[in-house]
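*Asks:*
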Amino acid sequence: MSWFKRNRGSNSSNEPSPSKDRSNTDPDTCLDVFRSHWQQASAIINNKSRNKDDFSSDEVEIVIHNIGQMVTLLVSEDGEEGMPGPILNFFLEKDILELFCSWCSRSKEHAVKLKHEQLRMFEMLISQSKQLLLIHKSVIRPLVKLLSACTDGNLQSSETYDIEHRLVLVLHQACVCISQQFLILESFFCTNTDHGPTRFLLFSLLIPYIHREGPVGQHARDALLLIMTMSTKHPHIGQYIASNSDFCPVLAAGLSGLYSSLPRKIPNPSENWYMLTNDDCLAIPELQMFLNSLEFCNAVVQIAHPMVKEQLTKYIYDGFLLPVLGPALHQNSRDEVTTATAYLDLFLRRLTEPALIRVFLLFILTERNDEIIILDSLITRINSSSRLSLVSLALFKTLVELHCEDVMFQLVFKYLIPCTHVMVSQRRAVKDLDMYSKSAERFLSLRPSCCLAQSPEEPRAVSPQIINSTPYEMIEVSTNNFNPETTSTPSGNRLKDISSYVEITISGDNKSTNDITKIQPKSAVPNRAMSPVMDGTLSPFNFNKTSPFLSALFCKLEGMMQNTLYSNLLLTGILSQLAAYPQPLLRSFLLNHNLVFQPTFKSLVQVLSSVRHKVDTYSYAVHNFSQLLMKARKNLYNREDSILNRSERSFSTPVPVNSSPVQTIQTRRMTFTDLLFRKNSPKRPSTLASTKKGSQLQRVPLRGGVGYRYINSKQTESLDSPEGTLKTWNAVYCAIVLEEFLKELAALAQEHAVLHFEDSFNSRH
Numbered sequence: 001m002s003w004f005k006r007n008r009g010s011n012s013s014n015e016p017s018p019s020k021d022r023s024n025t026d027p028d029t030c031l032d033v034f035r036s037h038w039q040q041a042s043a044i045i046n047n048k049s050r051n052k053d054d055f056s057s058d059e060v061e062i063v064i065h066n067i068g069q070m071v072t073l074l075v076s077e078d079g080e081e082g083m084p085g086p087i088l089n090f091f092l093e094k095d096i097l098e099l100f101c102s103w104c105s106r107s108k109e110h111a112v113k114l115k116h117e118q119l120r121m122f123e124m125l126i127s128q129s130k131q132l133l134l135i136h137k138s139v140i141r142p143l144v145k146l147l148s149a150c151t152d153g154n155l156q157s158s159e160t161y162d163i164e165h166r167l168v169l170v171l172h173q174a175c176v177c178i179s180q181q182f183l184i185l186e187s188f189f190c191t192n193t194d195h196g197p198t199r200f201l202l203f204s205l206l207i208p209y210i211h212r213e214g215p216v217g218q219h220a221r222d223a224l225l226l227i228m229t230m231s232t233k234h235p236h237i238g239q240y241i242a243s244n245s246d247f248c249p250v251l252a253a254g255l256s257g258l259y260s261s262l263p264r265k266i267p268n269p270s271e272n273w274y275m276l277t278n279d280d281c282l283a284i285p286e287l288q289m290f291l292n293s294l295e296f297c298n299a300v301v302q303i304a305h306p307m308v309k310e311q312l313t314k315y316i317y318d319g320f321l322l323p324v325l326g327p328a329l330h331q332n333s334r335d336e337v338t339t340a341t342a343y344l345d346l347f348l349r350r351l352t353e354p355a356l357i358r359v360f361l362l363f364i365l366t367e368r369n370d371e372i373i374i375l376d377s378l379i380t381r382i383n384s385s386s387r388l389s390l391v392s393l394a395l396f397k398t399l400v401e402l403h404c405e406d407v408m409f410q411l412v413f414k415y416l417i418p419c420t421h422v423m424v425s426q427r428r429a430v431k432d433l434d435m436y437s438k439s440a441e442r443f444l445s446l447r448p449s450c451c452l453a454q455s456p457e458e459p460r461a462v463s464p465q466i467i468n469s470t471p472y473e474m475i476e477v478s479t480n481n482f483n484p485e486t487t488s489t490p491s492g493n494r495l496k497d498i499s500s501y502v503e504i505t506i507s508g509d510n511k512s513t514n515d516i517t518k519i520q521p522k523s524a525v526p527n528r529a530m531s532p533v534m535d536g537t538l539s540p541f542n543f544n545k546t547s548p549f550l551s552a553l554f555c556k557l558e559g560m561m562q563n564t565l566y567s568n569l570l571l572t573g574i575l576s577q578l579a580a581y582p583q584p585l586l587r588s589f590l591l592n593h594n595l596v597f598q599p600t601f602k603s604l605v606q607v608l609s610s611v612r613h614k615v616d617t618y619s620y621a622v623h624n625f626s627q628l629l630m631k632a633r634k635n636l637y638n639r640e641d642s643i644l645n646r647s648e649r650s651f652s653t654p655v656p657v658n659s660s661p662v663q664t665i666q667t668r669r670m671t672f673t674d675l676l677f678r679k680n681s682p683k684r685p686s687t688l689a690s691t692k693k694g695s696q697l698q699r700v701p702l703r704g705g706v707g708y709r710y711i712n713s714k715q716t717e718s719l720d721s722p723e724g725t726l727k728t729w730n731a732v733y734c735a736i737v738l739e740e741f742l743k744e745l746a747a748l749a750q751e752h753a754v755l756h757f758e759d760s761f762n763s764r765h
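In UniProt numbering, the protein residues as written are 1 to 765.
The structure is reproduced here in structure tokens:
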């Protein structure tokens, strides 16, 4: 969302605009008309024969009409070579605005209407005038008095909204003018100005509307961002905002309040729902309001003065993440924890400013709940048997896609750096490259037999990019801001330190592992905040422990046969991201099939071999598995086409991936023989002779006699049951995803070798 959508004409689209004919009128004539209108209005304004508050409705209408005409004439006047025109000179000389606003403040019966008209006229003067008006005291003084008067709480709710809307429009237009002509700021930001207790009245009046929904909140946030932009150029503004205003506390506290209003459970999610999309956000107004404020925080951190940026991130960490989001991720209700995890994933995908992403990552990587680091508790949910597993996988996919060094270190590298996962004699092979595609051949050899047996006429397998990309096309994760100069890319010094330690480990030097604590992370999380935690996590290495994250992924991968299609897509997508990471330790751990691991560690090839064996065993037990495989591929093609044909589609209602094939298989299984020999019909004796448990003989009428056919009744019954059908289709889609995943791993193994060869060639030339 762009926070700088400012169309000055659109804010006053309903206001009367000067006519083109009047702009061509003789200036003297316009001045005479202006004086005539003022004469009629001043006759009522200066009438002292009436009581103080005794204004009739007709008198109010006459004054409003004449002042309105005068404002129209004034905004249509051109200045004379930077000097005020005759109308503006008369306007300032007679102090018309001061007299008009003082007269309006005397009326109590028509106070609301007169405030509304004053704000409307000021908005028109500021936004449409061809001359600079906000440098004149005769304009600024009544404006400041009016703005202060509009903040009282004596209005009804319906009246308040109308006044607030006009007030914010005036404040917004004033901020636009200040950003274009900075000399105006001196009239609104000065210790000696008559603004009351605040030094910067415009800014103070905008703060209460930060979290307001609708046009009022949008214009207030736009105006505040203009002030934030000015704070980077003028440090005294930034110092005032950080030290003398409650802007940052209000902004952070508002996030907490808005989060408390979010639904604790996602209403009516589909079976395979696992992430919040744009359509989901639009369907939940409370969530859209929260995202508006979160994106505003992101914009403030991006453009504000460093003092404001630092203070805001601190308040968000201490006032929102710790007391609100932390407990939300560890509630007793599984559905509420699932929803809170989905919210966290959405927030990370919406943020683009590295400084704000830092505090979220610091929260995930270092904070504890019941003495357990939040990251560790999130990892344990990967192998949950509920939707929580899907949502947790989606969150980790987002974290991995950030390409943040601290995230990768905590998830993977701090367990791989000691090289205790491989045999001592194999440590030198960690840096080996597969220049002859042996690893690629090994991965391709693990494809399920049912996929290799397909005939050429059958449809080509869906590419892993198509399968894996479809669920994530709805929302783009903004990671392009993580460039080497900002946060995410590991620094050369740290990579050199890590590489040096790996070299020591590989060479067999028994140097103390405490030396690794000297590695100073230059990370996405501030060093001053992360260094104590890093020191605590780096020193006590458990040399017999593998990465909990990789272990959880491998465990989930080994159960691919029981996983749903969406779970397997997320799982293989994360592993593909890790396999593509250009670091020898991780590359060898995932892609080097020749590396001999310690007996307590499982390699990716071993896990995939186990999955392949399970798929082959099950496919042999289902006589029509190859036909189901073809239907599943066609279903994926249809699903892909239906999504690509839409510009935007919510994944909360995904295209079914098993409903159509299940209906097809039920129709196919209802054969003529089934109609003749119904096993469960109460009115018909069984025609099946039982031979042994799970096996039966079926009578088949033949020409000239009767024959018998042996069938596996146990298998048929299991496939007819809902559990058997779901199990079968999970296995079918598992075979497809496994085949494509193996192809992708083979391609990645070759890509690493090619890229290394190109880098070596370029370095020599």
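Each residue gets a CB set at the ideal place from its N, CA and C atoms; glycine is no exception. None of these values were measured; they are calculated from a predicted model.
The alpha helix (DSSP H) with D432 in it runs from where to where?
*Replies:* No alpha helix (DSSP H) holds D432; DSSP gives it neither H nor E.
*Asks:* Quick one: what does DSSP say N369 is sitting in, helix, strand or coil?
*Replies:* Strand at N369.
*Asks:* Going by other Cβ atoms of all chains shown within 10 Å of its Cβ, with 16 needed for buried, is E371 buried or exposed?
*Replies:* Exposed, since its Cβ has fewer than 16 Cβ neighbours within 10 Å.
*Asks:* Three-state secondary structure (DSSP) at E117?
*Replies:* In the structure shown, E117 sits in a helix (DSSP, three-state: H, G or I).
*Asks:* In angstroms with no decimal places, state the Cα-to-Cα distance between F90 and S129.
*Replies:* About 16 Å.
*Asks:* Would you give the residue range spanned by the alpha helix (DSSP H) that Q606 belongs to?
*Replies:* L604 to A621 is the span of the alpha helix (DSSP H), which, as asked, contains Q606.
*Asks:* Give me, in chain order, the residues of the same chain whose beta-carbon lies closer than 8 Å to that of D246; leave out the 5 immediate sequence neighbours on both sides.
*Replies:* Contacts found: I207.
*Asks:* Apart from the five residues on each side of it in sequence, which residues of its chain come closer than 6 Å, Cβ to Cβ, to A111?
*Replies:* Around A111: no qualifying Cβ.
*Asks:* Rounded to whole angstroms, what's the CA-CA distance from A252 to K314? Just pull it up for me.
*Replies:* Cα-Cα distance, rounded: 9 Å.
*Asks:* Buried or exposed: T687, going by 16 or more other Cβ atoms within 10 Å of its Cβ?
*Replies:* At T687, the pLDDT of 36 sits below 50, so the modelled position is not reliable; the number obtained from the coordinates is stated separately. T687 comes out exposed.
*Asks:* Confirm, please, whether the CB-CB distance from L585 to V430 is below 8 Å.
*Replies:* For V430 and L585, yes; Cβs fall inside 8 Å.
*Asks:* Label G254 either buried or exposed according to how many other C-beta atoms from any shown protein chain fall within 10 Å of its C-beta, with 16 as the threshold for buried.
*Replies:* With 16 or more Cβ atoms within 10 Å of its Cβ, G254 is classed as buried.
*Asks:* Expressed to the nearest angstrom, what Euclidean distance is found between the alpha-carbon atoms of S56 and I62?
*Replies:* Taking the straight line from one Cα to the other gives about 10 Å.
*Asks:* Under the assumption that Q131 contacts L88 (Cβ atoms under 8 Å), give the Cβ distance between them as a whole number of angstroms.
*Replies:* Yes, Q131 and L88 are in contact; Cβ-Cβ is about 6 Å, under 8 Å.
*Asks:* Count the other C-beta atoms from every protein chain shown that fall within 10 angstroms of the C-beta of D280, then say buried if there are 16 or more, exposed otherwise.
*Replies:* Buried, because 16 or more other Cβ atoms sit within 10 Å of the Cβ of D280.
*Asks:* Run through DSSP, which three-state label would E751 get?
*Replies:* Note: E751 maps to helix in three-state DSSP.
*Asks:* I need the straight-line Cα distance from H211 to P263, nearest angstrom please.
*Replies:* Answer to the nearest angstrom: the Cα atoms are 18 Å apart.
*Asks:* Where I237 and E81 are concerned, what is the direct C-alpha to C-alpha distance, given to the nearest angstrom?
*Replies:* If you take the alpha carbons of I237 and E81, they lie about 32 Å apart.
*Asks:* Enumerate in chain order the residues of its own chain whose CB-to-CB distance from I303 is below 6 Å, with the five nearest sequence positions on each side excluded.
*Replies:* Within the same chain, I303 has close Cβ partners M228 and T229.
*Asks:* Check this for me: beta carbons of L571 and L553, under 8 Å apart or not?
*Replies:* It is a contact, given that the beta carbons lie within the stated cut-off.
*Asks:* Could you round the C-beta distance between V732 and A621 to whole angstroms and report it? I think they count as a contact, below 8 Å.
*Replies:* Actually they do not touch by this definition, with Cβ atoms about 13 Å apart.
*Asks:* Are there 16 or more other CB atoms within 10 angstroms of the CB of Y209, so buried, or fewer, so exposed?
*Replies:* Buried is the call here.
*Asks:* State the Cα-Cα distance for the pair T420 and R381, rounded to the nearest angstrom.
*Replies:* Their backbone Cα atoms lie some 26 Å apart in a straight line.
*Asks:* Whole angstroms is fine: what's the gap from L738's alpha carbon to Q577's?
*Replies:* Answer to the nearest angstrom: the Cα atoms are 16 Å apart.
*Asks:* For the alpha helix (DSSP H) that L288 lies in, which residues bound it at each end?
*Replies:* At residue 288 the sequence reads Gln, which differs from the Leu that was named. P285 to I303 is the span of the alpha helix (DSSP H), which, as asked, contains Q288.
*Asks:* Expressed to the nearest angstrom, what Euclidean distance is found between the alpha-carbon atoms of I266 and R349?
*Replies:* Answer to the nearest angstrom: the Cα atoms are 18 Å apart.
*Asks:* List the endpoints of the continuous alpha helix (DSSP H) containing Q583.
*Replies:* Neither: Q583 is in no alpha helix (DSSP H) and is coded neither H nor E.
*Asks:* If I follow the unbroken alpha helix (DSSP H) through G257, where does it start and stop?
*Replies:* F247 to S260 is the extent of the alpha helix (DSSP H) around G257.
*Asks:* Identify, in the order they occur along the chain, each residue of the same chain with its Cβ nearer than 7 Å to the Cβ of L375, setting aside the five sequence neighbours on each side.
*Replies:* So the qualifying residues of the chain are I364, L365 and Q410.
*Asks:* Between the segment 216-226 and the segment 173-183, do three or more beta carbon pairs fall short of 8 Å?
*Replies:* Contact between the segment 216-226 and the segment 173-183 is present, because at least three Cβ pairs lie under 8 Å.
*Asks:* For E213, I'd like the list of residues in its chain whose CB is within less than 7 Å of its CB, leaving aside the five on either flank, ordered along the chain.
*Replies:* Closer than 7 Å at the Cβ level, and outside the excluded window around E213, lie M289.
*Asks:* Between V615, L590 and V391, which lies nearest to S603 when the distance is taken from Cα to Cα?
*Replies:* Closest by alpha carbon: L590.
*Asks:* Answer with buried or exposed for N47, where buried requires no fewer than 16 other C-beta atoms within 10 angstroms of its C-beta.
*Replies:* When all chains shown are included, N47 counts as exposed.
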